[in-house]
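Heads up: the structure comes next, in structure tokens.
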Amino acid sequence: MRKFNIRKVLDGLTAGSSSSSSASSSSQQQQTATRENDVQETLQSEHFQLCKTVRHGFPYQPSALAFDPVQKILGIGTQTGALRLFGRPGVECYCQHDSGAAVIQLQFLINEGALVSALADDTIHLWNLRQKRPAILHSLKFNRERITFCHLPFQSKWLYVGTERGNIHIVNVESFTLSGYVIMWNKAIELSSKSHPGPVVHISDNPMDEGKLLIGFESGTVALWDLKSKKADYRYTHDEAIHSVAWHHEGKQFICSHSDGTLTIWNVKNPTKPLQTITPHGKQVKDGKKPEPCKPILKVEYKTTRVGEPFIILSGGLSYDTVGRRPCLTVMHGKSTAVLEMDYSIVDFLTLCETPYPNDFQEPYAVVVLLEKDLVLIDLAQNGYPIFENPYPLSIHESPVTCCEYFADCPGDLIPALYSVGARQKRQGYSKKEWPINGGNWGLVTRSYPEIIITGHADGSIKFWDASAITLQVLYKLKTAKVFEKSRNKDDRPSTDIVDEDPYAIQIISWCPESRMLCIAGVSAHVIVYRFSKQEVTTEVIPMLEVRLLYEINYIDSPDPEQVPPLPTPGTGSNPQSIAPQSHPSTSSSSSDGLRDNVPCLRVKNSPLKQSSGYQVELVIQLVWVSGEPPQQITSLAVNSSYGLVVFGNCNGIAMVDYIQKTTLLNLGTIELYGSNDPYRREPRSPRKSRQPSGAGLCDINEGTTVQEDRCKSPTSDVRDNSFSRSRSSSVTSIDKESREAISALHFCETFTRKADTAPSPCLWVGTTLGTVLVVALNLPPGGEQRLLQPVIVSPSGTILRLKGAILRMAFLDTTGSLVPPAYEPWREPNVPEDKEEKEKLKKRRPVSVSPSSSQEISENQYAVICSEKQAKVISLPSQNCTYKQNITETSFVLRGDIVALSNSICLACFCANGHIMTFSLPSLRPLLDVYYLPLTNMRIARTFCFTNNGQALYLVSPTEIQRITYSQETCENLQEMLGELFTPVETPEAPNRGFFKGLFGGGAQSLDREELFGESVAGKASRSLAQHIPGPGGIEGVKGAASGVICELARARLALDERGQKLGELEDRSAAMLASADSFSKHAHEMMLKYKDKKWYQF
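So for the sequence shown, our numbering puts the first residue at 1; every next one is plus one.
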């Protein structure tokens, strides 16, 4: 009769229980934990708080641009309602309109520390920039008309708002209330005109007379409106639609840009015809014929100088036959015309001038051009109009980001080393002047430590960024595609490609900051190992290794299909399936039946490669086609500088390479790793019978079931199915899933490989998508010359651990709860020949590793921390008992889990697909933080989210921007001090001198008392139904931040009065509506009485 072990049954039941039964599971943990009290855990819930810190990168989908010429601050609005503000390099700020509507226009209150934004949902908002995190003070929502253009004159509190109906309303920016003064479209145009002039596309006051307002309508009509007499002085009509208007600073002329590519210059007092018509890009046609029409000139600016001709700067206007020509900015100065080609389409541009006064010589010195995906600043003062070198980190998206990693608390010499090699890559030919947008002040850096962000891109490039103290600066760029032959055109592409585009795209980055070893895995099933060097070298032959990794027993080549490929032996050091190192791509491109075989996806260059200082190729490893089957994309990767090993896996199996000896050590199918311990009783099958699509390994891990075309899209591309529902059953019935078991996590360490071990030894821990952890033992030869001669012996240990869900991360703690980092070899310059003494030192040198505290009577020497998609376990070693367990999620799955250092302790940080960010203490796995932060809306977030030490995390929030967040209470508290200040007290420049004769005879700038014209006493109240005032949260925040003591009480009282006034206003509205209703009822009743007064009752 078969005996049952009741304890094992109970253990199984406990393992299957959910996190809801945490009380019972904690008691189970206490019973199991033999040495629970040995680790003093210091982290508590109060150490954690979640908040956004900074956003870096180019504003995604920009739509509006503004500049404060006194504060020297640049503002950019986007189609998603975001607002980005830039001052001097390192001073930038991100804000968001709650509605998410597109920003159509921005207007600074020059030198006032405030900004007005107009949105596509017909709201205008007033932002307070005098606080470190700008906030909205007031909002005004237009109910009956759509906003098309806004204008705020310099040093005025009255904002002109033009609408789609052609009317202009006036808003007091102090109280954010409408004036009763309205300019109606039918009063502004000719009375004889029978058609509507179209929306307002331009409003500006005459630089020399504030009482005259120039109004441009889309149809081509321009009116000069006299504000005092409330009538149009002049009307200028043109056949072509108007896009923009600009004044000459003397107020006697203005220029219009039109939809047919022409510019018309008008004399103010001669409305009959334009003074001059220019077609900047039109072909010269003889015989007085009209020039051919060009594309619309979307914007024009007219800027004067004291010495020399004025500048006319415009965007658009190219002739229609310039097909394929890039977007251009045209600078016309006297007789010269410069056409500056841009890489992307122009959204908007502004000319930066020395003076904020519109009635003075403008003296333009630069043009800031906002492109669809870039920001360009052109120096107007230098010949050839060179661009300024952009100091902002706006090139994150130069090629789409496909993955990123974040490292906090790096070695101190790392950033200077990367900066020094990166400085040699800088382009030449920039303007010699300093960046002119230099407003604001830097924040105080209370506690700084080196932080590095690494981004991998679709073109195969890798960028290293200095991210210390909430700033971002590019350090160094590495182009991994340089080692491969590039096809000149599509027809020339190798037939072995497994991706349609971006064959060099980076998928995984493995980096050891201490040794500076870098390893990348690319989309074409290739792995490249790099060493860091400060010396330039020329590599005659690129070291290359091809690996034949396929999950099958080779029915074609193997004479005995039952035979499992043997494990490597000390004698060979490499598996029979692997191919020897080659200096050029394999030539055997097909097997006996004509199928592609033994060929990699990319061709490595066979010519000498000049490698500049920085990261230099150590070894290129490529998976090859096998019997017509393409190699599967790599799903996990790890490198160890101390062992000289790199290991990678996919849905077929695992391969380990000795990059020092350039040999393959391990090449096994996932099932073969189990040996006789496979719990699934699977039989290997040939993929020829059931072919998998290329890249299925990656998709199986990242996206569930995905069509073949989507397999290698970068996270920047849209994903059709955003639900991310995955059922990955670990039951024995799901045979197909099990046969596709992929390697999902790899970790080199020095720990106990088997239960009987008495001392830790080098090994590799392997995690799979079915929740299995397998341990591979490593037998390393001695260091020095012996390491180059003797083989590394690799053998599966037989140790198997199980969790629910795919394994994501593994780490090891000693008995004090401190992290045991993998061993590493400290960095040294590889390209300097060593003398004999150095060689002797090298022989004796041991790799650096933090050994756990060891005592003879202690049996539990280490803890293994394993995090899967569903749960986390802490396992005592060498006994392999599960000491602690936490079911992280039942209904969702963990996308990213990291074991990180915080406040001199260690914790597990997780980001779930349901939007929750969670942290757990180690080793006891107590929940410390659980905050709903961000629902997973696309694969970009899933592939780029990462945690690092000191409570830092980041993800790619849009294709062009990185969002950094913190989960540390201390960082949240210090954030206010660390943020830069946008507003700094600056004296407004003096107004231009009118001069003696202008003062005597008139002719200088005429001022206007707008308060008298637009104030309530003269203009009356505006209709309440026209727009609704909404007080912003920024007002209350500003009061809280600025006021204290009596001032605070006064502010509160004022706030209460404002709220009371608002309620009284609402009451007045309701009373007015009731009165109107009563009047209407009375009128109808009277009409009924008159109608039936003389009728008899039987006539009804």
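Glycine is no exception: its CB is placed at the ideal position from the N, C-alpha and C atoms.
Keep in mind it's a predicted model, so treat the numbers as computed, not measured.
Contact check, residue i vs residue j, beta carbons under 8 Å
| i | j | result |
| --- | --- | --- |
| Q105 | A82 | no |
| I888 | C910 | yes |
| F48 | Y967 | yes |
| Q862 | V900 | no |
| S336 | G1032 | no |
| I452 | I509 | no |
| R1172 | S607 | Because the chain is modelled from 1 through 1100, residue 1172 falls outside the range shown and cannot be assessed. |
| N438 | G87 | yes |
| C404 | I454 | yes |
| T305 | F361 | yes |
| T53 | R809 | no |
| L982 | G440 | yes |
| N383 | L549 | no |
| A241 | G220 | yes |
Backbone CA spacing between residue i and residue j [nearest angstrom]
| i | j | result |
| --- | --- | --- |
| Y504 | I498 | 11 Å |
| L637 | V647 | 6 Å |
| D898 | V527 | 23 Å |
| E164 | D121 | 13 Å |
| D260 | S1082 | 57 Å |
| I743 | K804 | 15 Å |
| I906 | F920 | 9 Å |
| R516 | P356 | 51 Å |
| R688 | E629 | At R688 the pLDDT is 38, less than 50, meaning the model places this residue with poor confidence; the figure from the coordinates comes in the next sentence. Distance between the alpha carbons of R688 and E629 is about 8 Å. |
| K8 | N974 | Per-residue confidence for K8 stands at a pLDDT of 38, beneath the threshold of 50, marking its modelled position as unreliable; no derived number is given. |
| I807 | G316 | 54 Å |
| C749 | Q44 | 28 Å |
| N831 | L298 | 56 Å |
| L813 | A864 | 7 Å |
| K737 | H747 | With a pLDDT of 42 at K737, under the threshold of 50, the predicted position of this residue should be treated as unreliable, though the coordinate-derived value follows. If you take the alpha carbons of K737 and H747, they lie about 24 Å apart. |
| T815 | V39 | 7 Å |
| V116 | P296 | 28 Å |
| Y955 | V894 | 15 Å |
| I346 | Q61 | 12 Å |
| R691 | V599 | Confidence in R691 is poor, its pLDDT being 37 and thus under 50, which makes the residue's placement unreliable; the coordinate value appears in the next sentence. Distance between the alpha carbons of R691 and V599: 18 Å. |
| S1080 | D226 | 39 Å |
Proximal residues to residue i (C-beta, below 7 Å), its chain only, five neighbours per side dropped
| i | result |
| --- | --- |
| N172 | K157, W158 and S179 |
| E1087 | none |
| L418 | F464, L475 and Y476 |
| D710 | Residue placement at D710 is flagged as unreliable, the pLDDT there being 37, under the threshold of 50; the coordinate-derived value follows with that caveat. Once the five neighbours on either side are set aside, D710 has no close Cβ partner at all. |
Three-state secondary structure (DSSP) of residue i
| i | result |
| --- | --- |
| G422 | helix |
| Y674 | helix |
| F388 | coil |
| F983 | coil |
| M208 | coil |
| R896 | strand |
| A638 | strand |
| C972 | helix |
| I743 | strand |
| S45 | helix |
| W465 | strand |
| H1086 | helix |
| N1103 | Any question about residue 1103 goes unanswered here, given that the chain covers just 1 to 1100. |
Contact set for residue i: own chain, Cβ-Cβ below 6 Å, skip 5 residues either direction
| i | result |
| --- | --- |
| H1084 | none |
| T538 | P608 and K610 |
| E540 | P608 |
Own chain residues within Cβ distance below 8 Å of residue i, not counting five before or after
| i | result |
| --- | --- |
| V70 | I110, N111, P356, V986, T988 and P989 |
| P513 | F407, C410, P411, L414 and I452 |
Interface flag, residue i vs chain B, CB-CB below 8 Å
| i | result |
| --- | --- |
| L472 | Given the protein chain composition of this structure (a single chain), no chain B is represented. |
Worksheet entry | Every unbroken beta strand (DSSP E) within the segment 264-335, with a cutoff of 3 residues, ordered by chain | 276-278, 297-303, 311-316 and 328-333
Worksheet item: Which ranges would you report for the beta strand (DSSP E) in the segment 74-128 if only whole runs of at least 3 residues count?
Response: Runs of the beta strand (DSSP E) lying entirely within the segment 74-128, each at least 3 residues long, are 82-86, 92-96, 103-109, 114-119 and 123-128 in chain order.
Fill in: Unbroken stretches of the alpha helix (DSSP H), 4 residues or longer, contained in the segment 131-208
185-188
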